[in-house]
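Novice:
Numbering (our numbering), first residue to last: 3 to 325.
#1: Identify every residue that forms a DSSP beta bridge with residue 41.
#2: Taking C-beta to C-beta, are residue 106 and residue 156 nearer than 8 Å?
#3: What did DSSP end up calling residue 149 once you bin it into helix, strand or coil?
#4: Is residue 308 helix, strand or coil by DSSP?
#5: Can you name, in chain order, every residue of its own chain whose Cβ lies under 7 Å from the Cβ of residue 7, other than the five neighbours on each side?
#6: With a Cβ-Cβ cutoff of 8 Å, do residue 154 and residue 110 count as a contact?
#7: Using 10 angstroms around the beta-carbon of residue 230, count the other beta-carbons present and answer buried if the total reaches 16, otherwise exposed.
#8: Does DSSP put residue 178 in a helix, in a strand, or in coil?
#9: Between the region 240-258 and the region 62-79, can you find at least three pairs of beta-carbon atoms closer than 8 Å?
#10: Touching or not, the region 24-41 and the region 266-282, by the rule of three or more beta carbon pairs under 8 Å?
#11: Roughly how far, in whole angstroms, is the beta-carbon of residue 11 from the beta-carbon of residue 240, given that I think they are within contact range, below 8 Å?
#12: Taking residue 118 as the reference, give the member of 150, 306, 61 with the closest Cα.
#13: CB residue 97 to CB residue 234, shorter than 8 Å?
#14: Between 325, 301, 295, 310, which has its C-alpha nearest residue 131's C-alpha?
#15: Where does residue 158 fall in DSSP's three states?
#16: Smallest Cα separation from residue 319: which of 189, 200, 101, 227?
#17: List the whole-angstrom C-beta distance separating residue 171 from residue 61, where the pair is believed to meet the contact cut-off of C-beta under 8 Å.
#18: For residue 82, does the three-state DSSP call read helix, strand or coil?
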């Protein structure tokens, strides 16, 4: 078996794997799904799905990776030689490539909007979603700008990866994951101290079982797969750098805890601000790039809060793109 680089510490591995799990879905998808599908009732179903279905699969992928110390394709060839299981590894890698193409695009958007907020560009959008929508449409439909920002984002991704597992991925996720948590705490406190900001807590966490449907359960199950990067070979690859003495159950539980915690914190931070400013919480993904830029200028220090928020989005996208 080949000599393979290993994670420098248990914490480094947990933060790197959590970074893979924590992505754009945690920031804009999960909070909206929870609020529109029963709040606390949806959260209960989601936690059951992630513990009953997600947890065993995460551990299984770690076991396969650690046992073989190979990439997904090589791992399946080793576990099931002379079978078609290698195609499962290939499909996983292919799906990860497709998802990366999406992350590269949206990651570029987060960088662009971080710069706009930092330079005070949102000030002209206060309370004007139509102008904000026009700005967003003109940007994403541009012939050159979205591509250039995607290249910049992918440049950051490559910069981290070429430094290796310990010197690149582990080192930078040890910086970015705590930074994400700190920024979320700051944004949560700011949102909850705004008038009517606490309505977000009812929207997200008050159990509304009458809003829970079969479709809600399917959404919860699907998100538990997507958020943990299951089936893409990511956790097999990360597991291949694990030491033999690392407790897989403990590590997997910490990853699930951090992933869920960040999703909930993001929901509180976003919807507290939305409710405080009387915006529509059902705006979906457009809430991030169209509605929120019109809200930040109405808050004292809005340029700071907007910059922090979009930089948070950038780091969440980057930690997933790296994986």
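Glycine is no exception: its CB is placed at the ideal position from the N, C-alpha and C atoms.
Specialist: Per the coordinate set shown:
#1: Taking the first residue of the chain shown as 1, we reach residue 41 at position 39. In the DSSP output, where bridge partners are listed per residue, residue 41 has 209.
#2: Locating residue 106 in the chain shown gives position 104, where the first residue counts as 1. Locating residue 156 in the chain shown gives position 154, where the first residue counts as 1. Residue 106 places its beta carbon less than 8 Å from that of residue 156.
#3: Within the chain shown, residue 149 is the residue found at index 147, counting from 1. Correct three-state label for residue 149: helix.
#4: Here residue 308 refers to the residue found at position 306 of the chain shown. Residue 308 falls in the helix class under three-state DSSP.
#5: Here residue 7 refers to the residue found at position 5 of the chain shown. Closer than 7 Å at Cβ, skipping near neighbours: 166, 167, 168, 243.
#6: Within the chain shown, the letter at position 152 stands for residue 154. Within the chain shown, the letter at position 108 stands for residue 110. Yes, the pair counts as a contact, with Cβ atoms nearer than the cut-off.
#7: Residue mapping note: residue 230 aligns to position 228 of the chain shown, counting from 1. Taking every protein chain shown into account, the CB of residue 230 has 16 or more other CB atoms within 10 angstroms, so this residue is buried.
#8: In the chain shown, counting from the first residue as 1, residue 178 sits at position 176. For residue 178, the secondary structure class from DSSP, reduced to helix, strand or coil, is helix.
#9: Contact annotation: the region 62-79 touches the region 240-258, with at least three C-beta pairs closer than 8 Å.
#10: These segments touch.
#11: Counting from 1 along the chain shown, the entry for residue 11 is found at position 9. Counting from 1 along the chain shown, the entry for residue 240 is found at position 238. So it is not a contact: roughly 14 Å between Cβ atoms.
#12: Translated into the one-based positions of the chain shown, residue 118 becomes position 116. The candidate whose alpha carbon is nearest that of residue 118 is 306.
#13: For the purposes of this step, residue 97 is taken as the residue at position 95 of the chain shown. For the purposes of this step, residue 234 is taken as the residue at position 232 of the chain shown. Yes, Cβ-Cβ distance for residue 97 and residue 234 is below 8 Å.
#14: Numbered from its first residue, the chain shown carries residue 131 at position 129. Per the C-alpha coordinates, the member of 325, 301, 295, 310 positioned closest to residue 131 is 295.
#15: The sequence position of residue 158 within the chain shown is 156, counting from 1. Note: residue 158 maps to helix in three-state DSSP.
#16: If you number the chain shown from 1, residue 319 lands on position 317. Scanning 189, 200, 101, 227 for the CA closest to the CA of residue 319 turns up 101.
#17: In the chain shown, residue 171 corresponds to position 169, counting from 1. In the chain shown, residue 61 corresponds to position 59, counting from 1. Not really, about 21 Å apart at Cβ, beyond 8 Å.
#18: For the purposes of this step, residue 82 is identified with residue 80 of the chain shown, where counting begins at 1. Coil at residue 82, not helix or strand.
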